[in-house]
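Chemist:
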Amino acid sequence: MSVQILSRKQLAMKFDDIMTRDLGEFGRYQKVLFIFVCAPCMIAAMQALVWSFSAADLPHRCRLNWELENATYQTLNSIGLEKTCENCPKFKSCWLNGTSECPYGYVYDHTEIEKSAIDEWNLVCDKGWIKAFIQSTYYIGQAIGSIVFGFMGDRFGRKKVVIIAICLVLIAGFGMVKPVVWWVYALWRTLAGMSHPGISNISLLIGTELVGPSGRRFGSLMSGLFFAMGHCLLVLLAYFIRDFEVLQLAIAIIPILVFVYYWFIPESPRWLVSQRRYKEANEILKEVAIVNKTQLAHDWAESVDEALEDKAVRRYNLFHLFKSPKILCRVLAMFFVWPVVSMVYYGVSMNPNFLGGNLYIAFALGAIVELPAILMMYSMIDRVGRKKLICCGFLMCVVALLSNWAIPESAYDWISISQFLITKSAIALTMNSLYTYTPELFPTVLRATASLGCSMMARIGAVSASFIMMWLVEKYSKLVVIIPFSLLSLISAIVVWFFLPETMGGKLPESIEDIEE
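Numbering follows my numbering, in which position 195 of the sequence shown is assigned residue number 882; successive positions increment by one, without gaps.
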């Protein structure tokens, strides 16, 4: 009996048919797998924003010439001189007795925080830019990791990349516990940032590529929930641990718990099929069928192999994203949208109290408010569509930010907090929708490369947010946040609406030809 040779479009449908007909589009196995592969997002979330607490601002003043090392912040000199450089308003140089800096050093207020990187390396006044730079090194590391792990994910497989990323963040986490100087800490933080794409993006691909269309939103739900839970756990640890080195140690230990993933996480069967490694894919799919209590067709690989028997296995890289006109349009659009959503999300996350209020309360509220936003995304993304949800999220950010600019200063007490929470929930909804949307726009042979290419471009926005939220907003005013954040969010909504297709309910494309056809 001859085997029917399938076209490439039929081949793309064939694997989805295996998932939906033989295995169950979204059975027990896939649900448990998503929980396992998304749980490490908690690690990435804590490492991404721990610097907000490690370098929490400390009230400080110039040390007077007669004060000893154990002088307290509240001490005044004998003649009542009260000229201090507390918080360096608008980032003007600290001064005392007409000098341009504090000649005898600084005295910090440790009433709330026992030890901060601020007093450890005197990151105040003219050195304030270092605080923003250290935060940006994490996102620079993410950009590097996006390139490296994107290539490795498509060439060597998804699972290997996840394990390597977990090992990397473990090493970097312990390296940041007792840094000698600030630039050593920055180097370790760069390595921690490199692990982020491998932990979050690639692990999510393993789950996404093993479900049918209706199950993909569950991946974004779980990754978003675990990311928000990571923020909640971070603020809880930071509230009780007011020494930044001890806090870093507590976070560094957590990745040890996920080394068991090597035995529990499978390789992506869809990727194995694209590499013609049918035997390995068959073992995984049989296990899926057993857990889901379904029956896998014994000859499923034969038709796939016949369809590809006259075609060599091609190797793809980043440059293939720019050779197809339709893929190029999607790449350019997403390369604009991702930096914007990253800038707004990490900007309001790393400095949630830039409008005032307690850091711990604002951070906790910002983390908690993500949970209903993510649940809203999960319940609506397969009803209203990806594009509508993403555009609505961007427009909500625009309205919330511009309204903050419009209200008077006297009303900032509770209204500003509400506007912050609306912005945070809207951008969280948008970002998690993009995590579902982005993999659906690209074929299997380029999916990891494209997804991590978008992640790499997103770091431009995150690096910009670091300097805007940790330096420029203190030097100038909130307008350096409101104007670029709202304008770019509006443009992003327009780009998504007019230049990208709706993918709700569609099958994952396997090849470049699927996109073009």
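Even glycine gets a Cβ: it sits at the ideal position worked out from N, Cα and C.
Let me check understanding here. Comparing Cα to Cα, which of Pro790, Val719, Val811 and Ala758 lies closest to Ala742?
Modeler: Counting from one through the sequence shown, the residue named residue 742 turns up at place 55. Residue Val811 is the option with its Cα nearest to Ala742.
Chemist: Do you know how far the Cα of Phe927 is from the Cα of Ile1068?
Modeler: For the purposes of this step, residue 1068 is identified with residue 381 of the sequence shown, where counting begins at 1. For the purposes of this step, residue 927 is identified with residue 240 of the sequence shown, where counting begins at 1. Each residue's alpha carbon lies about 38 Å from the other.
Chemist: Tell me whether Cys812 sits in a helix, a strand or coil according to DSSP, three-state version.
Modeler: For the purposes of this step, residue 812 is identified with residue 125 of the sequence shown, where counting begins at 1. DSSP places Cys812 in helix when its eight states are reduced to three.
Chemist: Where are the alpha helix (DSSP H) runs, 4 residues long or more, that stay fully inside the stretch 1067-1137, in chain order?
Modeler: The stretch 1067-1137 contains these whole alpha helix (DSSP H) runs: 1073-1093 and 1102-1127.
Chemist: When DSSP builds the beta bridges, which residues end up paired with Arg748?
Modeler: The residue labelled residue 748 in the question sits at position 61 within the sequence shown. Its beta-bridge partners are Val794.
Chemist: In the DSSP assignment, the alpha helix (DSSP H) including Pro956 goes from what residue to what residue?
Modeler: Residue 956 sits at position 269 when you count from the first residue of the sequence shown. Taken as a continuous stretch (DSSP letters only), the alpha helix (DSSP H) holding Pro956 covers Pro956 to Ser961.
Chemist: Are the stretch 817-836 and the stretch 1112-1127 touching by the rule of at least three beta carbon pairs closer than 8 Å?
Modeler: With a cut-off of 8 Å, the stretch 1112-1127 and the stretch 817-836 do not count as touching, because too few Cβ pairs lie within range.
Chemist: By how many angstroms is the C-alpha of Cys728 removed from the C-alpha of Val856?
Modeler: Translated into the one-based positions of the sequence shown, residue 856 becomes position 169. Translated into the one-based positions of the sequence shown, residue 728 becomes position 41. Between Val856 and Cys728, the C-alpha separation is close to 12 Å.
Chemist: Span of the alpha helix (DSSP H) holding Met1037?
Modeler: For the purposes of this step, residue 1037 is taken as residue 350 along the sequence shown, with counting starting at 1. Note, Met1037: alpha helix (DSSP H), Pro1012 to Met1037.
Chemist: On the criterion of 16 or more Cβ atoms from any shown chain inside 10 Å, does Arg1134 qualify as buried, or is it exposed?
Modeler: For the purposes of this step, residue 1134 is identified with residue 447 of the sequence shown, where counting begins at 1. It is buried - the Cβ of Arg1134 has at least 16 other Cβ atoms within 10 Å.
Chemist: Have a look at Asp709, Leu921, Asp796 and Ala731 and flag the residue whose alpha-carbon is nearest the alpha-carbon of Gly832.
Modeler: The residue given as residue 832 occupies position 145 in the sequence shown. The shortest C-alpha separation from Gly832 is found at Ala731.
Chemist: Is the Cβ-Cβ distance between Thr1123 and Arg903 less than 8 Å?
Modeler: For the purposes of this step, residue 1123 is taken as the residue at position 436 of the sequence shown. For the purposes of this step, residue 903 is taken as the residue at position 216 of the sequence shown. Their beta carbons are under 8 Å apart, which means Thr1123 touches Arg903 by this criterion.
Chemist: At which residues does the alpha helix (DSSP H) containing Phe931 begin and terminate?
Modeler: Sequence index remark: in the sequence shown, residue 931 carries index 244 (1-based). It spans Phe931 to Ile940 - the alpha helix (DSSP H) in which Phe931 sits, taken as one unbroken run.
Chemist: Between the Cα of Ile705 and those of Gln829, Val898 and Leu1046, spot the shortest distance and give me the residue it belongs to.
Modeler: Taking the sequence shown and counting its residues from 1, the one referred to as residue 705 is at position 18. Of the candidates Gln829, Val898 and Leu1046, the one whose C-alpha sits nearest the C-alpha of Ile705 is Val898.
Chemist: Buried or exposed for Leu1008, going by 16 or more other Cβ atoms inside 10 Å?
Modeler: To locate residue 1008, count along the sequence shown from 1; it is residue 321. Buried, because 16 or more other Cβ atoms sit within 10 Å of the Cβ of Leu1008.
Chemist: Please report the distance separating the alpha-carbon of Phe723 from that of Met909.
Modeler: Counting from one through the sequence shown, the residue named residue 723 turns up at place 36. Counting from one through the sequence shown, the residue named residue 909 turns up at place 222. Phe723 and Met909: Cα-Cα distance of roughly 10 Å.
Chemist: Only counting the same chain, and skipping five residues up and downstream in sequence, which positions put a Cβ closer than 6 Å to that of Leu1159?
Modeler: As a working note, residue 1159 is residue 472 in the sequence shown. Same-chain partners within the cutoff: Val1167.
Chemist: With distances taken between CB atoms, is the gap from Gly828 to Gly906 smaller than 8 Å?
Modeler: Here residue 828 refers to the residue found at position 141 of the sequence shown. Here residue 906 refers to the residue found at position 219 of the sequence shown. The answer is no: Cβ separation not under 8 Å.
Chemist: Using DSSP's beta-bridge definition, name the partner residues of Lys802.
Modeler: Along the sequence shown, read from residue 1 onward, the residue named residue 802 stands at position 115. Partner(s): Asp930.
Chemist: What does the alpha-carbon distance come out to for the pair Trp673 and Met863?
Modeler: The requested residue 673 does not occur in the structure, where the chain is confined to residues 688 to 1204.
Chemist: Grab me the residues of Met1030's own chain with a C-beta within less than 6 Å of its C-beta, minus the 5 sequence neighbours each way, in chain order.
Modeler: Stepping through the sequence shown from its first residue, residue 1030 is reached at position 343. Correct list, in chain order: Gly1148, Ser1151 and Ala1152.
Chemist: Am I right that Glu801 and Arg715 are in contact with their C-beta atoms under 8 Å? What's the rounded C-beta distance?
Modeler: Here the question's residue 801 lines up with position 114 in the sequence shown. Here the question's residue 715 lines up with position 28 in the sequence shown. In fact, because the Cβ distance is near 47 Å, the residues do not count as touching under 8 Å.
Chemist: Quick check for students: name the residue ranges of the alpha helix (DSSP H) that lie wholly in the stretch 871-900, counting only runs of 4 or more.
Modeler: Runs found: 890-895.
Chemist: Any idea what DSSP makes of Phe913, helix, strand or coil?
Modeler: One-based indexing of the sequence shown puts residue 913 at position 226. Phe913 falls in the helix class under three-state DSSP.
Chemist: Can you tell me whether His747 is buried or exposed? The criterion is at least 16 other CB atoms within 10 Å of its CB, across all chains shown.
Modeler: In the sequence shown, counting from the first residue as 1, residue 747 sits at position 60. Label assigned to His747: buried.
Chemist: Compute the beta-carbon to beta-carbon distance between Ala1113 and Met1064, rounded to the nearest angstrom, for a pair I have assumed lies under 8 Å.
Modeler: Position 426 of the sequence shown, counted from the first residue, corresponds to residue 1113. Position 377 of the sequence shown, counted from the first residue, corresponds to residue 1064. Not quite, the Cβ-Cβ distance comes to about 11 Å (not below 8 Å), so this is no contact.
Chemist: How far does the alpha helix (DSSP H) with Cys725 in it extend, from its first residue to its last?
Modeler: Looking up residue 725 in the sequence shown gives position 38. Segment Arg715 to Cys725, the alpha helix (DSSP H) holding Cys725.
Chemist: The alpha helix (DSSP H) with Asn979 in it runs from where to where?
Modeler: Mapped onto the sequence shown, residue 979 falls at position 292. Tyr965 to Asn979 is the span of the alpha helix (DSSP H), which, as asked, contains Asn979.
Chemist: Determine, using beta-carbon pairs with one atom in the stretch 1015-1030 and one in the stretch 882-893, whether at least three such pairs fall under 8 Å.
Modeler: They do not touch, by the three-pair rule.
Chemist: Classify Ala1087 as buried or exposed, calling it buried when 16 or more other Cβ atoms lie within 10 Å of its own Cβ.
Modeler: Here residue 1087 refers to the residue found at position 400 of the sequence shown. It counts as buried.
Chemist: What first and last residue would you give for the alpha helix (DSSP H) that runs through Trp950?
Modeler: The residue labelled residue 950 in the question sits at position 263 within the sequence shown. Residues Tyr948 to Phe951.
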